[in-house]
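What follows is a short report on a single structure.
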Amino acid sequence: MTEQVTNGAAQDDQNPQFSLQRIYVRDLSFEAPKSPEIFRQEWNPSVALDLNTRQKSLEGDFHEVVLTLSVTVKTGEETAFIAEVQQAGIFLIKGLDAASMSHTLGAFCPNILFPYARETLDSLVVRGSFPALMLAPVNFDALYAQELSRMQAAGEAPVAAQH
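Going by our numbering, the first residue of the sequence shown is number 351, and it counts up by one from there.
Listed below in structure tokens is the structure:
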């Protein structure tokens with residue numbers, strides 16, 4: 351027990367660390383190109399969701415991860431609205447090997463950001479006088495695994511292994 355206390359500072363440098371520093375909206379847009387006419391039509395929506403993540407290293411062990419959700423909703427052939435949010439977070443991550451860092455930035459961090467992005471989009475859509483979106487949860491681990499397989503097949507290196 352005493353050995354852990356005296357070596358605690360040295361052990362902290364070697365142990366993996368993860369902490370969320372800040373969550374914020376980086377960009378936000380909403381367009382209802384056919385309003386007000388669209389409100390008089392029968393509401394039969396089809397939803398197309400485009401999801402993207404990107405990350406960049408900041409100073410030290412800080413990383414910014416940006417989750418972009420773009421939603422296009424049509425009713426029939428008419429575009430009812432287009433909404434997009436770039437939900438970002440700054441994370442302190444250290445002590446991880448390249449594979450763990452890549453997974454953390456590519457799946458774990460977006461998983462933390464998604465509920466914030468979903469709520470922001472939902473609020474934006476409701477403010478545009480449309481029914482709430484209620485997007486289903488996303489399995490970022492499965493998406494990350496698909497992207498990793500695609501990158502390996504193309505001979506590309508994961509993002510975290512490149513720096």
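Virtual Cβ for every residue (Gly too), placed ideally from N, Cα, C.
On a predicted model such as this, the values are computed, not experimentally measured, just so you know.
The beta-carbon separation of L417 and F464, rounded to 6 Å, stays under the 8 Å limit for a contact. Taken through DSSP and simplified to helix, strand or coil, F389 comes out as helix. E434 has its alpha-carbon roughly 16 Å from the corresponding atom of S479.
Where S420 is concerned, there is no enclosing alpha helix (DSSP H), although the beta strand (DSSP E) around it starts and stops at 412-425.
In the assembly as shown, A504 is an exposed residue. Its beta-carbon has fewer than 16 other beta-carbons within 10 Å. For G439, the closest of E497, S473, T454, R372 by C-alpha to C-alpha distance is R372.
L446 and V375 have their C-alpha atoms roughly 27 Å apart. Residues E434, V435, Q436, T470, L474 of the same chain have their beta carbon placed closer than 8 Å to that of L378, with the five preceding and five following residues left out of the count. The straight-line gap separating the alpha-carbon atoms of L493 and A457 is approximately 8 Å. By the criterion of a C-beta distance shorter than 6 Å, N461 is surrounded in its chain by F490, once the five residues flanking it on both sides are discounted.
Under the DSSP assignment, F490 falls in the alpha helix (DSSP H) whose first and last residues are 490-504.
For S396, the enclosing beta strand (DSSP E) starts and ends at 395-407.
A382 sits in coil when the DSSP states are folded into three classes, being neither helix nor strand.
For the pair E381 and N365, the Cα-to-Cα distance works out to about 46 Å.
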